[in-house]
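K.L.:
Handing you a structure now.
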Amino acid sequence: MSTLIYALQTAMKSIWNEKWINLLTVLSVSIGLLILSSFVTVTLNVDSALKRWAKGFGMVVYLDEDLTGKAENELKKLFLQDPDILEVRYISKEQAVRELRLSLGENASILDELDENPLPSSFELKLKRELLKPAVVKKKAEQISRLKGVEEVQYGEKWLSSLNTLSTILKTSAIFLGCAILVAIVFITYNTIKIFFYRRKDEIETLKLLGATRTFIRLPFLIEGLFIGIAGGLISAVALFGIHSMISFKGVEILPSIRTLMVAPPLQAYILIVLVGAVMSLTGSFIAVGRIRY
Amino acid sequence: MIQFSGVSKYYDGDVVLKDISFTIEKGELAYITGPSGAGKTTLLKLIYCAERPDTGQIVVAGWDVGKLKQGTIPFLRRNVGIVFQDFRLLFNKTVFDNIALALRIHDMQPREIKETVNNVLKDIRLKHKEHVFPQHLSGGEQQRIVIARAMVSRPTVLLADEPTGNLDMDTSRNIMGLFREINARGTTVLIATHNNALFHGTGRRVLYLNNTHIEKEAVG
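Chains as they are written, first to last, in our numbering: chain H, 19 to 312; chain G, 183 to 402.
Structural data, given as structure tokens:
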């Protein structure tokens, strides 16, 4: 216990005595963590948007003009039995016109000019969320289009593909960027602690000769590294919260729907930022102190 | 308390100590002397495991020094107080903190440390300098601090390497007096010096180190 108190006092004294180099290290760590956490937040937002969009993703199956009611029922039965399909909604020719009239609003009178209803009856299918991958959806659409009585199958093919690509790119980049930044944090703390270690080389030598254990010698450096990581993490968590809040508030003025679209990082994410900073800096300090030989 | 049996030490193939054998009994105060470069410092370093013997066996306070693992060395050193030739005082710490460091290493409680260090400072008559930094002390005062730091944790063995190297005669006499007091309390003391005047007429055992081996043993 006495050793821990002494190590804490020594670390605090060193943090104060070497305040400028410590401040620079803390800021470097916090910038690294902020870049990483911002990138992860953007990725999360895109992923969430994709999921939100996927929730409403539907495949429209247009039916042949001359299809009988019996054949339509058989098709419906087939769709309902399909385990990949979550929801089946039949839209008759009349309903299709009603819906079109509604969406046209003031311009709906244009439909009165028509002699007959040109819209086909259709099925709106919702696929299971886990199947919403471009290749899978395309295969399913082809499968359905081959069915008897199906005129055409439509879905947002390009959108689905673009969003999936964007999500994959962001996730892969987050992993690579994350690894690079974590290594950088370890390296930054390693350098600072190594400098402190060399500056106190004579003192460490004396401590060893007086019978100090490795733990006694290492502890102040590890505490200092831990402080750098926690401080860096806290600064970056506060900055992330600030940036996110600013975008949420200011962004609303430009794009009002941003409030519903944006996903705020949960409290656990802020705690994780501090923890990651602490663990990485501690690792850097541990490597910097290295093996102590007597 | 200290036992050397056929100990040899080489540096880059050059022999520094050759077939050294001697015993220092518990509670004894002995001197080891010889010209500069005779290997006195190396011999002391072998005792506190800063160097390892190439051949032979060294036993210090029951520890077989040659076989000690890295992690065990600190525990041997806690039993061996060392007065270094170059003092090795920490100039960014006060007199009090320099001495207290030896007790902090022993994980002693702060209140106990304060009491013990204050008593030691009174013993060496430097209580009034407890808040002073070592660079503001004279050579003799610095040496007394080094001795206090070596003794404060009550080791069983005290080693001193040229303890009066840069001191005048009066200060040297005072320092030697401190060693005698420490020895009188039961601590085994081994002093390495090239200064014959320090052991002349003391009636203590003197080991003469020359040309890599112990040339003779006599009473000073």
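Cβ coordinates follow ideal geometry from the N, Cα and C atoms, glycine included.
From a predicted model like this one, the values you see are computed outputs, not experimental measurements.
Given a cut-off of 8 angstroms, decide if Val47 (chain H) and Gly260 (chain H) are closer than it, judged by their beta-carbon atoms.
P.N.:
In this structure, Val47 (chain H) does not lie closer than 8 angstroms to Gly260 (chain H) by Cβ.
K.L.:
Closer than 8 angstroms, CB to CB, is Phe234 (chain H) near chain G or not?
P.N.:
Closer than 8 angstroms to some Cβ of chain G, the Cβ of Phe234 (chain H) qualifies, so yes.
K.L.:
If you follow the alpha helix (DSSP H) that Thr205 (chain G) is in, where does it begin and where does it stop?
P.N.:
Element bounds for Thr205 (chain G): not the alpha helix (DSSP H) but the beta strand (DSSP E), 196-206.
K.L.:
Can you list, in chain order, the residues of its chain with a C-beta nearer than 6 angstroms to that of Gln317 (chain G)? Leave out the 5 residues immediately preceding and following it.
P.N.:
Closer than 6 angstroms at the Cβ level, and outside the excluded window around Gln317 (chain G), lie Phe273.
K.L.:
Please check the pair Tyr80 (chain H) and Glu169 (chain H), which I expect to be a contact at CB under 8 angstroms, by giving their CB distance rounded to whole angstroms.
P.N.:
Contact flag correct, Cβ pair sits at about 5 angstroms.
K.L.:
For Ser395 (chain G), write down the residues that DSSP places opposite it in a beta bridge.
P.N.:
One detail in the question is off: residue 395 (chain G) reads as His in this sequence, not Ser. DSSP output for His395 (chain G) lists G:Asn392 as bridge partner(s).
K.L.:
Of all the alpha helix (DSSP H) runs that stay within the bounds of the segment 41-104 of chain H, which reach a length of 4 or more residues?
P.N.:
The qualifying runs are 87-99.
K.L.:
Can you pull out the residues from the segment 284-302 of chain G whose beta carbon lies closer than 7 angstroms to at least one beta carbon of chain H?
P.N.:
Against chain H - using a Cβ distance shorter than 7 angstroms - the residues of the segment 284-302 of chain G are Ala284, Arg286, Ile287, Asp289, Met290, Gln291, Pro292.
K.L.:
Between Lys151 (chain H) and the rest of its own chain, which residues show a CB-CB distance below 7 angstroms, the 5 nearest in sequence each way excluded?
P.N.:
Cβ neighbours of Lys151 (chain H) beyond the five flanking positions: Asn182.
K.L.:
Determine the burial state of Pro337 (chain G): buried for a count of at least 16 other Cβ atoms within 10 Å of its Cβ, exposed for fewer.
P.N.:
Buried is the call here.
K.L.:
Residues of the segment 25-44 of chain H with a CB closer than 8 angstroms to any CB of chain G: list them in chain order, please.
P.N.:
For the segment 25-44 of chain H, which is checked against every Cβ of chain G, not one residue is closer than 8 angstroms.
K.L.:
Considering only the beta carbon of each residue, do Glu242 (chain H) and Ile211 (chain H) sit closer than 8 angstroms?
P.N.:
Yes, the pair counts as a contact, with Cβ atoms nearer than the cut-off.
K.L.:
Which chain G residues are close to Thr231 (chain H), counting only those with a beta carbon under 9 angstroms from its beta carbon?
P.N.:
Under the 9 angstroms cutoff, chain G gives Gly253, Pro256, Phe257, Ile287.
K.L.:
Bridge partners for Asp246 (chain G) per DSSP, in chain order?
P.N.:
Asp246 (chain G) pairs with G:Val241.
K.L.:
Would you call the segment 37-57 of chain H in contact with the segment 290-305 of chain H, where contact means no fewer than 3 C-beta pairs closer than 8 angstroms?
P.N.:
These segments touch.
K.L.:
With DSSP as the reference, identify every bridge partner of Leu403 (chain G), one or two as the case may be.
P.N.:
Coverage of chain G is limited to positions 183 through 402, which leaves residue 403 (chain G) absent and any answer about it impossible.
K.L.:
Give me the Cβ distance between Asp201 (chain G) and Gly188 (chain G), rounded to the nearest whole Å; I'm assuming they're in contact under 8 angstroms.
P.N.:
Sure, about 5 angstroms apart at Cβ, within 8 angstroms.
K.L.:
For Ser187 (chain G), write down the residues that DSSP places opposite it in a beta bridge.
P.N.:
G:Gln239.
K.L.:
Below 8 angstroms on the Cβ atoms is my guess for Thr330 (chain H) versus Gly302 (chain H); work out the distance and round it to an integer in Å.
P.N.:
Absent from the structure is residue 330 (chain H), since the part of chain H shown begins at 19 and ends at 312.
K.L.:
Closer than 7 angstroms by beta-carbon distance: list the chain G residues that pair up with Leu228 (chain H), in chain order.
P.N.:
Those within 7 angstroms of Leu228 (chain H) in chain G are Arg259, Leu283, Ala284, Ile287.
K.L.:
Just checking, does the segment 341-361 of chain G make contact with the segment 321-332 of chain G on the three C-beta pairs under 8 angstroms criterion?
P.N.:
Verdict: yes, contact present.
K.L.:
Check for me: the alpha helix (DSSP H) holding Val297 (chain H) runs from which residue to which?
P.N.:
Run containing Val297 (chain H): 285-307, per the alpha helix (DSSP H) assignment.
K.L.:
How far does the beta strand (DSSP E) with Lys213 (chain G) in it reach, from first residue to last?
P.N.:
Residue 213 (chain G) is actually Tyr in this sequence, not Lys. Residues 211-215.
K.L.:
Just list the residues that DSSP pairs Val106 (chain H) with in beta bridges.
P.N.:
The partner list for Val106 (chain H) (beta bridge, DSSP) reads H:Leu143.
K.L.:
Using CA atoms only, rank isn't needed, just tell me which of G:Leu340, G:Arg286, G:Asp246 is closest to Leu21 (chain H).
P.N.:
According to the sequence as given, residue 21 (chain H) is Thr; it is not Leu. Nearest option by C-alpha distance: G:Arg286.
K.L.:
Is the separation between the beta-carbon of Thr215 (chain G) and that of Phe381 (chain G) shorter than 8 angstroms?
P.N.:
It is a contact, given that the beta carbons lie within the stated cut-off.
K.L.:
Looking at Met183 (chain G) and Gly263 (chain G), is the spacing between their C-beta atoms short of 8 angstroms?
P.N.:
Not in contact: Gly263 (chain G) and Met183 (chain G) (Cβ atoms no closer than 8 angstroms).
K.L.:
Taking three-plus beta-carbon pairs below 8 angstroms as touching, is the segment 246-264 of chain G in contact with the segment 221-236 of chain H?
P.N.:
They touch, by the three-pair rule.
K.L.:
Measure the C-alpha to C-alpha separation of Leu372 (chain G) and Val339 (chain G) and round it to an integer number of angstroms.
P.N.:
Their Cα atoms are separated by approximately 8 angstroms.
K.L.:
For Leu237 (chain H) and chain G, any beta-carbon pair shorter than 8 angstroms?
P.N.:
It does not; no Cβ of chain G falls within 8 angstroms.
K.L.:
Nearest to Leu324 (chain H) by CA position, among H:Ser191, H:Tyr216, H:Phe267, is which residue?
P.N.:
Because chain H spans 19 through 312 in this model, residue 324 (chain H) falls outside it and cannot be assessed.
K.L.:
For Leu272 (chain G), which residues in chain H fall below 7 angstroms Cβ to Cβ?
P.N.:
In chain order: Glu221, Thr224.
K.L.:
Run down chain G in chain order and give the residues with a C-beta less than 9 angstroms from the C-beta of Thr21 (chain H).
P.N.:
Under the 9 angstroms cutoff, chain G gives Arg286, Ile287, Asp289.
K.L.:
If you follow the alpha helix (DSSP H) that Leu117 (chain H) is part of, which residue opens it and which one closes it?
P.N.:
It is worth fixing the name first, because residue 117 (chain H) is Glu in this sequence and not Leu. Element bounds for Glu117 (chain H): 111-122.
K.L.:
Alpha carbon to alpha carbon, what distance is there between Val256 (chain H) and Ile213 (chain H)?
P.N.:
Answer to the nearest angstrom: the Cα atoms are 29 angstroms apart.
K.L.:
Which same chain residues, not among the five before or five after Glu297 (chain G), have their C-beta less than 8 angstroms away from its C-beta?
P.N.:
Excluding positions up to five away in sequence, the list is empty.
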